[in-house]
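Engineer: My questions will all concern the structure given below.
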Amino acid sequence: MRASQLYAPTLRETPAEAEVISHQLMLRAGFIRKAAGGIYNYLPLAWRVLKKIEKIVREEMDAKGGQELLMPIVLPAEMWQETGRWDVYGDEMFRLKDRHGRDFCLGPTHEEMITTLIRDEVRSYRQLPLMLYQIQNKFRDEIRPRFGLMRGREFIMKDLYSFDRDEAGLNESYNKMYDAYSRVFTRCGLTFRPVEADPGAIGGKGSHEFMVIAESGEAAIVYCGGCDYAANVEKAELHPIEAPAEAPQPMALKDTPGTKTIAAVAEFLGLPADKTVKTLAYMTDKGLVFALVRGDHDVNEIKVQNAVGAIFLQMADEAALAAAGTAPGFMGPIGVKDVTVVADATVMKLHNTVVGANQADKHYVNVNPGRDFKPAVVADIRLIREGDPCPRCGEPVKAARGIEVGQVFKLYTKYSKALNATYLDESGKEQTIVMGTYGIGISRTMAAAIEQNNDANGIIWPAAIAPFQAAVIPVNNADQGQRELAEKMYAELVAAGVETVLDDRDERAGVKFKDADLIGYPLKVTVGAKAVTENKVEVKTRRSGEVHFFPAEEAVSGIKDLLAQL
RNA sequence: CGGGGCGUGGCUCAGCUUGGUAGAGCACCUGGCUUGGGACCAGGGGGUCGCAGGUUCAAAUCCUGCCGCUCCGACCA
């Protein structure tokens, strides 16, 4: 490709709208342009990168027996109504009507479509297992699209669906995908970590997320230095903590004026925060829920949601609290009606603790959980923090941030049951197909790669996904010798199968170097005066800045060697 | 959905307080000069100042409404 023909409009200045580095660099380097909030055009350089990522993904999916197909973007409402997700998805779903008033949506994911697609055709155990996938644009009307390609409203995703006879088959498919995902992200040159995850709205049980480790990541994860445990904080388990034994005291109501926070109550009573109980109120589709954790702990809302089986959960407002007959700042589990009390397992270990009395300026003291109140649910609902013990080995966990580039789920029969996808086993008995779903954010992976590979001058592409491998730069276009040698190097590299850009633009050397660094070609091949007079072609590695000189006739093999090392 | 900020040429921004014929740098076009890290000189093209109302002799500037972008929040009572 000749740079004079390449449509890659670079910007000297960073557009004001971009906050994270990947977004800034993709705009500046001429990879993307915005069409609307969270919706982007992929220009030729970006498209080349995306196709490389897709190619790696296809190879790894195919290697595990996946078969590629393509489903529609526009999906009819009926199948979503059958599984209930037409309502569950809420405002995040792009909806539209055709001229007859029939409801459709732009596919946010395709479990419903794939399941209805195969249910009429797959009738026998002989047709299983089956793995089908597509690479397709997905649509989610995010509350707040941000960070460029990292959280867009339209994005490119690979989604694979596995269909098995039973749980054993599902586990096998799941393990294959887990392995394939590890291979994909390794080949893309990313530093990543699979972590245990909460399946969330997709449903099912058993899930891992593949996290690209980056400061700008939206997800918080913990991992153990002592063993290989790693999890999203939403999921990370915690064992209950024992409290030192104490003789139970009689419960008493005590005036605690103005103590609306744990810190204030603890100070007023002269107790450490870990001898108190914190109560948070949530409105859910299952009614009002009180979540109890030890005073110095935090609530994990996902765990609360799972503990009560709620689809919807948010902090209760003052009106809801008033209706429930309690007082903000002084809430507690004792004497409340029509409230589901969920206690963290650690709370149940406390002796002579403190809870709000559900009236202003009063707390109960010397409360003994189990004796003085009995929660409807006791579960692990605590949010893990750095330094908490690993649930597997007890070593303190470390915290990190990650960009979720892939997630694998064991769905079991959630969708196959709702959509009636069954097969006949050997004995002629009807069985429900067991499913898994496996996604990779292709466009997000591109952004994540930039988040992890950049410097002050621009992008540093891992060679496997770089839009081009090398840029040939004649320093002085006016010099015929340089121009001709650069043309020759370019022709030879292309003939040798090296994806190369020849910067034939009538620009000064500085401009060409700056653009090459910004775009992030792994190698710069500089043809200057020395190349012509001393037969020394300069090859500079983008990442390390390392410089090699080759005689022109050896340059191509030298470049191929360098690329092989990247 | 709540709160803040911002919408002026392709990009970054000034001008708005105090109304009076729309600016700079970069980018772009022409010519010259230059050629190893975003040169220089001269000339030139390009803007319904987000949209719609209103106030005024006169609105980018003041007022009202709307739209868009962006940041924070929508978790620890």
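Numbering (the working numbering), first residue to last: 561 to 1126. Idealized CB from N, CA, C, for every residue including glycine.
Got a sec? Which residues, its chain only, sit under 8 angstroms from D739 by beta carbon, not counting five neighbours each side?
Structural biologist: Here the set comprises K624.
Engineer: What does the Cβ neighbour count give for N697, buried or exposed, with the cut at 16 atoms within 10 Å?
Structural biologist: The residue in question, N697, is exposed, as its Cβ has fewer than 16 Cβ neighbours within 10 Å.
Engineer: Quick one: complete beta strand (DSSP E) runs, 3+ long, within the region 702-789?
Structural biologist: Correct list: 714-724, 752-756, 767-773, 779-784.
Engineer: Counting C-beta neighbours from all protein chains within 10 Å, is the total for V1107 16 or more, i.e. buried, or is it exposed?
Structural biologist: Result: exposed.
Engineer: Which residue from Y693, E714, N1037 puts its Cα closest to that of D701?
Structural biologist: With distances taken between Cα atoms, D701 lies closest to E714.
Engineer: Straight-line CA distance for E955 to K838?
Structural biologist: Straight-line Cα distance between these residues: approximately 26 angstroms.
Engineer: Which partner residues of D815 appear in the DSSP bridge assignment?
Structural biologist: For D815, which the question treats as bridged, DSSP gives the partners K922.
Engineer: Go ahead and pull the three-state DSSP assignment for Q565.
Structural biologist: Residue state, collapsed to three classes: coil.
Engineer: Can you tell me where the alpha helix (DSSP H) with I1010 in it begins and where it stops?
Structural biologist: I1010 -> alpha helix (DSSP H) spans 1002-1012.
Engineer: If you reduce the DSSP assignment to three classes, tell me which class S684 lands in.
Structural biologist: Correct three-state label for S684: strand.
Engineer: Can you give the Cα-Cα distance for M875 and E778, rounded to whole angstroms?
Structural biologist: Roughly 21 angstroms separates the two Cα atoms.
Engineer: Would you call C953 buried or exposed, if buried means 16 or more other Cβ atoms sit within 10 Å of its Cβ?
Structural biologist: Label assigned to C953: exposed.
Engineer: Classify D719 as buried or exposed, calling it buried when 16 or more other Cβ atoms lie within 10 Å of its own Cβ.
Structural biologist: Buried: at least 16 other Cβ atoms inside 10 Å.
Engineer: By the DSSP assignment, the beta strand (DSSP E) with I1033 in it spans what residues?
Structural biologist: Looking at the DSSP string, the run of the beta strand (DSSP E) that includes I1033 is 1030-1034.
Engineer: Leaving aside the five residues before and after A1026 along the sequence, list all residues of the same chain whose C-beta is less than 6 angstroms from its C-beta, in chain order.
Structural biologist: Excluding positions up to five away in sequence, the list reads P1082.
Engineer: Helix, strand or coil: how does DSSP classify P956 here?
Structural biologist: Looking at P956 - three-state DSSP - the assignment turns out to be strand.
Engineer: CB-CB under 6 angstroms to R743, same chain, minus the five flanking residues each way: which ones, in chain order?
Structural biologist: Within the same chain, R743 has close Cβ partners E620.
Engineer: Name the two residues that bound the continuous alpha helix (DSSP H) containing F872.
Structural biologist: From DSSP, F872 is part of no alpha helix (DSSP H); its letter is neither H nor E.
Engineer: How is R572 classed by DSSP in three states: helix, strand or coil?
Structural biologist: Coil at R572, not helix or strand.
Engineer: When the distance is taken between beta carbons, is I801 closer than 7 angstroms to V864?
Structural biologist: No, they are not a contact pair.
Engineer: Which same chain residues end up closer than 8 angstroms to L1122 when comparing Cβ atoms and leaving out the 5 residues on each side of it in sequence?
Structural biologist: Taken in chain order, the residues that qualify are L1083, V1099, T1101, H1108.
Engineer: Ignoring anything shorter than 3 residues, give me the beta strand (DSSP E) runs that lie fully in the region 601-674, in order along the chain.
Structural biologist: Qualifying beta strand (DSSP E) stretches, in chain order: 634-636, 655-657, 663-666.
Engineer: Since I believe A790 is in contact with R747 (beta carbons under 8 angstroms), could you give me their beta-carbon distance rounded to a whole number of angstroms?
Structural biologist: With a Cβ gap of about 21 angstroms, R747 and A790 do not count as contacting.
Engineer: Residues in the same chain with beta-carbon distance under 8 angstroms from L979, minus the five sequence neighbours each way, listed in chain order, please.
Structural biologist: Once the five neighbours on either side are set aside, the close Cβ partners of L979 are M639, E642, T643, E672, T675, T676, R679.
Engineer: Should V927 and V937 be called a contact, given that it needs their Cβ atoms to be closer than 7 angstroms?
Structural biologist: Not a contact, by the Cβ cut-off of 7 angstroms.
Engineer: What span of residues does the alpha helix (DSSP H) with R1043 cover, start to end?
Structural biologist: Note, R1043: alpha helix (DSSP H), 1040-1055.
Engineer: Residue range of the alpha helix (DSSP H) that M891 falls in?
Structural biologist: Looking at the DSSP string, M891 is not in any alpha helix (DSSP H), and its letter there is neither H nor E.
Engineer: Do the region 607-622 and the region 1031-1045 make contact, defined as three or more Cβ pairs closer than 8 angstroms?
Structural biologist: No contact exists between the region 607-622 and the region 1031-1045.
Engineer: Output yes or no for whether 7 angstroms exceeds the beta carbon distance between A774 and L1078.
Structural biologist: Cβ distance not < 7 angstroms, so A774 and L1078 don't count as in contact.
Engineer: Report the rounded CA-to-CA distance for E964 versus A1089, giving the unit in angstroms.
Structural biologist: Cα to Cα, the separation comes out at about 47 angstroms.
Engineer: According to the Cβ coordinates, are L1128 and A1023 closer than 7 angstroms?
Structural biologist: As shown, the chain starts at 561 and ends at 1126. That puts residue 1128 outside it, with no answer to give.
Engineer: Tell me where the alpha helix (DSSP H) around F1073 begins and ends.
Structural biologist: It spans 1069-1079 - the alpha helix (DSSP H) in which F1073 sits, taken as one unbroken run.
Engineer: Touching or not, the region 1061-1070 and the region 999-1016, by the rule of three or more beta carbon pairs under 8 angstroms?
Structural biologist: No: fewer than three Cβ pairs fall under 8 angstroms.
Engineer: So what's K838 in DSSP terms, helix, strand or just coil?
Structural biologist: Strand at K838.
Engineer: Taking DSSP's pairing of strands, which residues face T1086 in a bridge?
Structural biologist: BP columns for T1086 point to I1033, E1098.
Engineer: With a Cβ-Cβ cutoff of 7 angstroms, do I993 and F723 count as a contact?
Structural biologist: Closer than 7 angstroms, so yes.
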